[in-house]
Amino acid sequence: MPPPADIVKVAIEWPGAYPKLMEIDQKKPLSAIIKEVCDGWSLPNHEYYALQHADSSNFYITEKNRNEIKNGTILRLTKSPAQNAQQLHERIQSSSMDAKLEALKDLASLSRDVTFAQEFINLDGISLLTQMVESGTERYQKLQKIMKPCFGDMLSFTLTAFVELMDHGIVSWDTFSVAFIKKIASFVNKSAIDISILQRSLAILESMVLNSHDLYQKVAQEITIGQLIPHLQGSDQEIQTYTIAVINALFLKAPDDRRQVDVESNVDILDCPLTEMANILAQKQLRSIILTHVIRAQRAINNEMAHQLYVLQVLTFNLLEDRMMTKMDPQDQAQRDIIFELRRIAFDAESEPNNSSGSMEKRKSMYTRDYKKLGFINHVNPAMDFTQTPPGMLALDNMLYFAKHHQDAYIRIVLENSSREDKHECPFGRSSIELTKMLCEILKVGELPSETCNDFHPMFFTHDRSFEEFFCICIQLLNKTWKEMRATSEDFNKVMQVVKEQVMRALTTKPSSLDQFKSKLQNLSYTEILKIRQSERMNQEDFQSRPILELKEKIQPEILELIKQQRLNRLVEGTCFRKLNARRRQDKFWYCRLSPNHKVLHYGDLEESPQGEVPHDSLQDKLPVADIKAVVTGKDCPHMKEKGALKQNKEVLELAFSILYDSNCQLNFIAPDKHEYCIWTDGLNALLGKDMMSDLTRNDLDTLLSMEIKLRLLDLENIQIPDAPPPIPKEPSNYDFVYDCN
Numbered sequence: 001m002p003p004p005a006d007i008v009k010v011a012i013e014w015p016g017a018y019p020k021l022m023e024i025d026q027k028k029p030l031s032a033i034i035k036e037v038c039d040g041w042s043l044p045n046h047e048y049y050a051l052q053h054a055d056s057s058n059f060y061i062t063e064k065n066r067n068e069i070k071n072g073t074i075l076r077l078t079k080s081p082a083q084n085a086q087q088l089h090e091r092i093q094s095s096s097m098d099a100k101l102e103a104l105k106d107l108a109s110l111s112r113d114v115t116f117a118q119e120f121i122n123l124d125g126i127s128l129l130t131q132m133v134e135s136g137t138e139r140y141q142k143l144q145k146i147m148k149p150c151f152g153d154m155l156s157f158t159l160t161a162f163v164e165l166m167d168h169g170i171v172s173w174d175t176f177s178v179a180f181i182k183k184i185a186s187f188v189n190k191s192a193i194d195i196s197i198l199q200r201s202l203a204i205l206e207s208m209v210l211n212s213h214d215l216y217q218k219v220a221q222e223i224t225i226g227q228l229i230p231h232l233q234g235s236d237q238e239i240q241t242y243t244i245a246v247i248n249a250l251f252l253k254a255p256d257d258r259r260q261v262d263v264e265s266n267v268d269i270l271d272c273p274l275t276e277m278a279n280i281l282a283q284k285q286l287r288s289i290i291l292t293h294v295i296r297a298q299r300a301i302n303n304e305m306a307h308q309l310y311v312l313q314v315l316t317f318n319l320l321e322d323r324m325m326t327k328m329d330p331q332d333q334a335q336r337d338i339i340f341e342l343r344r345i346a347f348d349a350e351s352e353p354n355n356s357s358g359s360m361e362k363r364k365s366m367y368t369r370d371y372k373k374l375g376f377i378n379h380v381n382p383a384m385d386f387t388q389t390p391p392g393m394l395a396l397d398n399m400l401y402f403a404k405h406h407q408d409a410y411i412r413i414v415l416e417n418s419s420r421e422d423k424h425e426c427p428f429g430r431s432s433i434e435l436t437k438m439l440c441e442i443l444k445v446g447e448l449p450s451e452t453c454n455d456f457h458p459m460f461f462t463h464d465r466s467f468e469e470f471f472c473i474c475i476q477l478l479n480k481t482w483k484e485m486r487a488t489s490e491d492f493n494k495v496m497q498v499v500k501e502q503v504m505r506a507l508t509t510k511p512s513s514l515d516q517f518k519s520k521l522q523n524l525s526y527t528e529i530l531k532i533r534q535s536e537r538m539n540q541e542d543f544q545s546r547p548i549l550e551l552k553e554k555i556q557p558e559i560l561e562l563i564k565q566q567r568l569n570r571l572v573e574g575t576c577f578r579k580l581n582a583r584r585r586q587d588k589f590w591y592c593r594l595s596p597n598h599k600v601l602h603y604g605d606l607e608e609s610p611q612g613e614v615p616h617d618s619l620q621d622k623l624p625v626a627d628i629k630a631v632v633t634g635k636d637c638p639h640m641k642e643k644g645a646l647k648q649n650k651e652v653l654e655l656a657f658s659i660l661y662d663s664n665c666q667l668n669f670i671a672p673d674k675h676e677y678c679i680w681t682d683g684l685n686a687l688l689g690k691d692m693m694s695d696l697t698r699n700d701l702d703t704l705l706s707m708e709i710k711l712r713l714l715d716l717e718n719i720q721i722p723d724a725p726p727p728i729p730k731e732p733s734n735y736d737f738v739y740d741c742n
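Mapping to the UniProt record's numbering: the sequence shown position 17 is 17, numbers consecutive.
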């Protein structure tokens, strides 16, 4: 007879004693269970003890998390969180360097547990650590020459403990002094500093900037742009990642009045504080260094670095949002002068004298004619074309950039179209406005970066004005496609759709430079797009005849079973998931995989992202598949209903899913990307005997069905398949031909 659901069989360790096998009744209070364990080993004062996971996590068992204990779990009887916190609080103030170092090492390990963290914080432990950083470093700096490794380790453990404690969100970031900020900043400013100290310092600065407006100002004033650059030029990719994370945080929190502002020409940008991070010269300097030392370095870019580069790309393009959402003021002479400049460059017209009413009328007529040739919708007052947002003034900025920096191409496009018939001309003005709007949609200008996306494009880091250059390539593509399509004004929307398809297909190849992007577009002519569309359409039409549909229906169960097995095999391989919170932590990972017999999910925390599969025995936690009640996704997930920044992020919401088991227990996931999300939700539904409903399954089913049918129909090539089966012949006049087996 199986044991009751509330009874869990575990092993409990105690130093110097044989482990004890025990059945825990989950209905009993945890204090009663601890008392029973202590009595078994004759230990007095059971309130001074607690149970802890014996694996590498060392997390305490509490009333909140006790339901996570599974059969076969190994626990350890240890000092209670309050006792441990009190003793460590005293030990880290010891006069013995060795004792202090050992205590800080233990503190750094235990601080990951929120139960211990709460107790240590209650003893004003955060203040003690900040005081040690502020004043203790000077005291021990004198010993640095003779005890350099000891000093480095001590400071590293102190900062690690601080980061872990603050990551629980119990203490506000606004409580820290300027002295502490200066000290952390000094570690970043030093050219020779221990790698682990530099990592922790950069992580602390990132959190300060993201979590407090006041600290943003203080941090940004303490460090210059030139002091961050050496960390980007180094060979350690993790340090580069942390540095770019700090840069991204500063970009994100920079006030609007500090964005896209140029500094005075006599000021060295390297000596400017980080409040100038979003200005034009700083962007140029940083872009060049990131391109050379990160993107084009002779090593693979890991996922975290790819994410930070993606965030930097998004935040850089978001600097365009202000212009994108600014309407043109038809009464603003400076803005009107830009339109005059576009006309002047295109037609090289000399100003007419305006001292007579006749010449004024003549000039107005000439302007109207020229504005029509430039392709504006409103020929009389083209400023009205830029009153729609988006793209607002950004479209006019792009047009002026194209006219000034690609003058020959600009003049050629305008003159070519002005010499065509009215209905066949490609209106440059209207095209530029719609194209700018389309490019903003493709690059999601104005949207906050996703928490999980790694989709950065190297080519946007190769030019200081990458968006404008991107526009210049695409406007020439639009003109070329217009001619290839022999389009008229009625075909404008069709041309824009083709251009969007061309741009999207070229971007998916991730060109490394703008020139490479341009060459990709050359291979995606309108003729090529037509071929691709025709091929896709023919594939669809060929498979819609009745005999093919019947064959599809017959072999579909086999294909679905094949997809199911693939999904389960992927779950057996496992996936590394990231732990996310309001501040994106770079060093929190956990791994989950299905057992080969498909009966148990193994999962556990990891210190770093694994390079391959993680063995089952290194994953301490287990969840029997039989205990799974349901799989929920998106807004239905418990961790998406909690208050916090992640709740507001649409992309994270689309990657979230949870396994519900037992009573009020869940295992929460945020997939690294949409593909893994589909793999896991399909696999879990397959385990529960439910249909696999993801987009990936539909695509795989269509692809595999198409391939299988093509293989089966190879012998029928060039043979017309009838729509109806052949008629059944009449019965024979006799059955004498039948062979009698008897």
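For each residue, glycine too, the CB sits at the ideal point set by N, CA and C. All of these numbers come straight from a predicted model, not from anything done at the bench.
Rounded C-alpha distance that separates S450 from I670: 12 Å
Suppose you measure from the CA of D491 to the CA of N398; what does that come to, to the nearest Å? 24 Å
Extent of the continuous alpha helix (DSSP H) run through G604: For G604, there is no enclosing alpha helix (DSSP H); the residue is part of the beta strand (DSSP E) that begins and ends at V600 to L606.
Would you list the one or two residues that DSSP bridges to A11? L21 and I74
Bridge-paired residues (DSSP) for H53: L75
Do N122 and W173 come within 9 Å of each other at the CB atom, strictly closer than that value? In this structure, W173 keeps its C-beta atom at 9 Å or more from the C-beta atom of N122.
State yes or no: is the C-beta of L315 within less than 9 Å of the C-beta of L252? Result yes, Cβ atoms of L315 and L252 sit closer than 9 Å.
Taking C-alpha atoms, which residue in H46, R76, L291 and L43 lies nearest to S56? R76
Where H675 falls, given that 16 or more other Cβ within 10 Å makes a residue buried: exposed
Residues in the same chain with beta-carbon distance under 6 Å from F157, minus the five sequence neighbours each way, listed in chain order, please. Take F157, set aside five residues on each side of it, and the residues of its chain with a beta-carbon closer than 6 Å to its own are L104, K105 and A108, in chain order.
For the alpha helix (DSSP H) holding D623, just list the boundary residues, first then last. Looking at the sequence itself, residue 623 is Leu, so the reference to Asp does not match. Not the alpha helix (DSSP H): L623 falls in the beta strand (DSSP E), residues D621 to P624.
By Cβ distance, which residues of its chain are closer than 6 Å to E206, with the 5 residues on each side in sequence left out? A245, V246 and A249
Can you tell me which of E731, A11 and K579 puts its alpha carbon nearest to the alpha carbon of H168? K579
To the nearest angstrom, report how far apart L320 and G446 are at their CA atoms. Straight-line Cα distance between these residues: approximately 8 Å.
Write down the C-beta distance between I74 and A11 rounded to the nearest angstrom, noting that I regard them as a contact closer than 8 Å. 5 Å
Note down the Cα distance separating I377 from I433, rounded to an integer number of angstroms. Just so you know, the alpha carbons of I377 and I433 end up roughly 11 Å apart.
What do you reckon, are the CB atoms on E664 and A656 nearer than 9 Å? Checking the sequence shown, residue 664 turns out to be Asn, not Glu. Going by C-beta atoms, N664 is not nearer than 9 Å to A656.
Just to confirm before moving on: does the CB-CB distance between S80 and E164 stay below 9 Å? Result no, Cβ atoms of S80 and E164 do not sit closer than 9 Å.
Best match in S512, A506, F162 and M324 for proximity to A297 [C-alpha to C-alpha]: S512
Going straight from the alpha carbon of V294 to that of I197, what length do you get? 21 Å
Between the Cα of L549 and the Cα atoms of A254, V600 and K710, which residue gives the shortest distance? K710
CB contact check: L660 to chain B, cutoff 9 Å: Included in the structure is just one protein chain, with no chain B present.
Taking all protein chains shown into account, decide if N734 is buried (16 or more other Cβ within 10 angstroms of its Cβ) or exposed. Per the 10 Å Cβ criterion, exposed.
Presumed contact (8 Å Cβ cut-off) between T389 and M459, rounded CB distance: Wrong, their Cβ atoms sit about 27 Å apart, outside the cutoff.
Check whether the region 298-315 and the region 403-418 touch, using three or more Cβ-Cβ pairs below 8 Å as the test. no
Could you round the C-beta distance between F461 and R287 to whole angstroms and report it? I think they count as a contact, below 8 Å. 6 Å
C-beta contact flag for G634 and L660 at 9 Å: no
Contact between the region 552-562 and the region 501-516 is defined here as three or more beta-carbon pairs at a separation below 8 Å; is this criterion met? no
Just to confirm my understanding: we take D691, look at its own chain, exclude 5 residues before and 5 after, and list those with CB closer than 7 Å. What are they? N685
Among P391, A203 and K27, which residue has its Cα nearest to the Cα of F162? That would be A203, whose Cα lies nearest to the Cα of F162.
Taking C-beta to C-beta, are G683 and L562 nearer than 9 Å? no
Inter-residue spacing [alpha-carbon to alpha-carbon] between R546 and A724: Each residue's Cα considered, the two are about 8 Å apart.
For L439 versus C472, is the C-beta spacing smaller than 9 Å? Against a cut-off of 9 Å, the Cβ pair of C472 and L439 comes out as no contact.
Thinking just about the alpha-carbon of each residue, which of T697, Q516 and P624 is nearest to the one in residue 825? This structure cannot speak to residue 825, because the chain is shown only from 1 to 742.
Suppose contacts are defined by Cβ-Cβ distances below 9 Å. Is H639 in contact with D621 by that definition? Against a cut-off of 9 Å, the Cβ pair of D621 and H639 comes out as no contact.
What would DSSP say about T633, mapped onto helix, strand or coil? strand
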